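Numbering (my numbering), first residue to last: 34 to 118.
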């Protein structure tokens, strides 16, 4: 680690240097990050008028011009289906 971080470096059980940090944002690949992304996505979708499907929390629906628009998502993949392209 650069000299500026030396005072924060501790030694592990095998004597290897370790630097512990606290993240201020989500880190890709962590379970908590996935939850934070899901909560933000759901809040944004509900803000746009979508309603989550009570049987599948990864499906949201919205009525647009008398037709149902369906949005499905898994991890960070999103698919939108609508009668009007």
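Even glycine gets a Cβ: it sits at the ideal position worked out from N, Cα and C.
Treat the numbers as computed from the prediction; the structure is a model and nothing was measured.
| task | Leaving aside the five residues before and after residue 69 along the sequence, list all residues of the same chain whose C-beta is less than 8 Å from its C-beta, in chain order. | result | Residue numbering aside, residue 69 sits at position 36 when the chain shown is read from its first letter. Within the same chain, residue 69 has close Cβ partners 59.
| Out of curiosity, what's the CA-to-CA distance linking residue 67 and residue 101? | For the purposes of this step, residue 67 is identified with residue 34 of the chain shown, where counting begins at 1. For the purposes of this step, residue 101 is identified with residue 68 of the chain shown, where counting begins at 1. When the Cα atoms are used, residue 67 and residue 101 turn out to be separated by approximately 28 Å.
| request: Could you give the DSSP three-state label for residue 26: helix, strand or coil? | output: Past the edges of the chain, shown from 34 to 118, lies residue 26, and the structure says nothing about it.
| Roughly how many whole angstroms lie between the Cα atoms of residue 112 and residue 63? | Translated into the one-based positions of the chain shown, residue 112 becomes position 79. Translated into the one-based positions of the chain shown, residue 63 becomes position 30. Rounded to whole angstroms, residue 112 to residue 63 spans 23 Å at the Cα level.
| message | Less than 8 Å between the C-beta atoms of residue 103 and residue 92, yes or no? | response | For the purposes of this step, residue 103 is taken as the residue at position 70 of the chain shown. For the purposes of this step, residue 92 is taken as the residue at position 59 of the chain shown. Their beta carbons are under 8 Å apart, which means residue 103 touches residue 92 by this criterion.
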